[in-house]
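Step one of this worksheet: look at the structure below.
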Amino acid sequence: MENIENVILDRDGTVIVDKHYLHDPAGVELLPGAGEGLTLLARAGIRLFIATNQSGIGRGYFPEADYHAVDARLRDMLADYGVSIVDTAFCPHAPDAPCNCRKPATGMWSRLAADHGLTPANTVMIGDKDADVRFGLEAGLAASILVLTGKGAGELDKYALGAPLSIWTRPSPRPAGAPHVVARDLGAACDFILHHNATIGESVT
Numbered sequence: 000m001e002n003i004e005n006v007i008l009d010r011d012g013t014v015i016v017d018k019h020y021l022h023d024p025a026g027v028e029l030l031p032g033a034g035e036g037l038t039l040l041a042r043a044g045i046r047l048f049i050a051t052n053q054s055g056i057g058r059g060y061f062p063e064a065d066y067h068a069v070d071a072r073l074r075d076m077l078a079d080y081g082v083s084i085v086d087t088a089f090c091p092h093a094p095d096a097p098c099n100c101r102k103p104a105t106g107m108w109s110r111l112a113a114d115h116g117l118t119p120a121n122t123v124m125i126g127d128k129d130a131d132v133r134f135g136l137e138a139g140l141a142a143s144i145l146v147l148t149g150k151g152a153g154e155l156d157k158y159a160l161g162a163p164l165s166i167w168t169r170p171s172p173r174p175a176g177a178p179h180v181v182a183r184d185l186g187a188a189c190d191f192i193l194h195h196n197a198t199i200g201e202s203v204t
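Here it is, written out as C-alpha cells:
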C-alpha cells in the first residue's frame, strides 16, 4: 500500500460549521478540533485540498466573489494553525444544472489531480455527506472518510452501520457504497490517517 500524501476536504460541516449558504466571511467558524487535526497532517507533510459544492452561486443567493471572500477568511484562520490549503476546487452550479463537477461527480477531482499530480492510491477524501463519500469512491481514492459533524450523523442510516463505538470506526465488512471509515469529527479522521497511513487502502473494493 502507498502512503497517503494528499487529503481532500469537504468544507461546510467538515472543516467549518455548516451555515446555510454561507457567504459572509464573518460567519466562518472552524469546527472544534479541525485546526488542530489539520496541523498534524500538515506537519506530517500531507498536502491539503478542499472540494466544495457551492450551489448558492448557481441559485443566485450570492455572487462568486462572496465565495472567494469566505475561502480567503478560512485560509487566514487555518494559517494561524500553520496550515496551508494547496488549492480549492468548487462547483458553482445549482443541483439541476448539467455539470461534471458537483459532488458526487468527479470533475473537481480530475481538476485537482491534473493541476497537482494527485493519484488515487495516495489520496483520501473526508466529508460529512454521502455525496463526499461517493465522490471518493467514484474517483477510486484510497479511502472515503465520513465525519459525524455537519450532516454526517444523519447520513449513517444510508449505510446501516450504526453509531461508531469510538472516535473512529472502520466497518468490516464494509457494505458496498459505504465509507471506509466513520470518524467522530475531522480531528478523529486526521488521527486515523496518521496512525494507519500505510494500510488505509486495504478495505477498498
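Just so it is clear: in the sequence shown, position 98 is 97 by numbering that gives the first Met the number 0, and no numbers are missing.
Beta carbons: idealized from backbone N, C-alpha and C, even for Gly.
Bear in mind the structure is a predicted one, so any value in this text is a computation, not a measurement.
Those residues which DSSP pairs with V47 across a bridge: Taking the sequence shown and counting its residues from 1, one reaches residue 47 at position 48. For the record, residue 47 in the displayed sequence is Leu; it is not Val. Beta-bridge pairing links L47 to V6 and I84.
Every unbroken beta strand (DSSP E) within the segment 85–167, with a cutoff of 3 residues, ordered by chain: 122–126 and 142–146
Whether L73 touches V27 by CB criterion (7 Å): Residue numbering aside, residue 73 sits at position 74 when the sequence shown is read from its first letter. Residue numbering aside, residue 27 sits at position 28 when the sequence shown is read from its first letter. Taking 7 Å as the Cβ cut-off, L73 and V27 qualify as a contacting pair.
Segment contact, 8 Å Cβ cut-off, at least three pairs: the segment 125–143 with the segment 176–192: yes
Buried or exposed (CB count within 10 angstroms, at least 16 for buried), R101: For the purposes of this step, residue 101 is taken as residue 102 along the sequence shown, with counting starting at 1. The residue is buried, with at least 16 neighbouring Cβ atoms inside 10 Å.
D70 to H115 span [Cα, whole Å]: By 1-based counting over the sequence shown, the position of residue 70 is 71. By 1-based counting over the sequence shown, the position of residue 115 is 116. The straight-line gap from Cα to Cα measures roughly 19 Å.
Pair within 7 Å by beta-carbon distance, D127 and K150: Indexing the sequence shown from 1 puts residue 127 at position 128. Indexing the sequence shown from 1 puts residue 150 at position 151. Yes, the Cβ-Cβ distance between D127 and K150 is below 7 Å.
N5 and R58 closer than 7 Å at C-beta: Within the sequence shown, the letter at position 6 stands for residue 5. Within the sequence shown, the letter at position 59 stands for residue 58. No. Outside cutoff.
Alpha-carbon to alpha-carbon, H195 and C90: Your numbering for residue 90 matches position 91 in the sequence shown. Your numbering for residue 195 matches position 196 in the sequence shown. Distance between the alpha carbons of C90 and H195: 31 Å.
Proximity below 7 Å, CB of L117 to CB of A88: Within the sequence shown, numbered from 1, the residue matching residue 117 stands at position 118. Within the sequence shown, numbered from 1, the residue matching residue 88 stands at position 89. No. Outside cutoff.
Chain-order list of residues whose beta-carbon lies under 6 Å from that of T204 (same chain, five-residue window excluded): Reading the sequence shown from its first residue, position 205 is the one you call residue 204. With a pLDDT of 34 at T204, under the threshold of 50, the modelled position of that residue is not reliable, and no figure is offered here.
Sequence-distant residues of its chain with Cβ nearer than 7 Å to D65 (five each side left out): Against the sequence shown, residue 65 aligns to sequence position 66. The residues are H22.
Buried or exposed by the 16-neighbour rule on C-beta atoms within 10 Å, applied to V14: Along the sequence shown, read from residue 1 onward, the residue named residue 14 stands at position 15. Under this definition V14 is a buried residue.
Burial state of T198, where buried means 16 or more other Cβ atoms lie within 10 Å: The residue labelled residue 198 in the question sits at position 199 within the sequence shown. Exposed, because fewer than 16 other Cβ atoms sit within 10 Å of the Cβ of T198.
C-alpha distance - I166 paired with H67, whole-angstrom precision: Numbered from 1 along the sequence shown, position 167 holds the residue referred to as residue 166. Numbered from 1 along the sequence shown, position 68 holds the residue referred to as residue 67. For I166 and H67, the distance between alpha carbons rounds to 33 Å.
Neighbour-count burial assignment, D17, 16 or more Cβ in a 10 Å radius: For the purposes of this step, residue 17 is taken as residue 18 along the sequence shown, with counting starting at 1. So D17 counts as buried.
Alpha-carbon to alpha-carbon, P94 and I56: Here residue 56 refers to the residue found at position 57 of the sequence shown. Here residue 94 refers to the residue found at position 95 of the sequence shown. So the alpha carbons of these two residues sit roughly 11 Å apart.
Residue range of the beta strand (DSSP E) that includes V180: Numbered from 1 along the sequence shown, position 181 holds the residue referred to as residue 180. Here the beta strand (DSSP E) through V180 covers V180 to A182.
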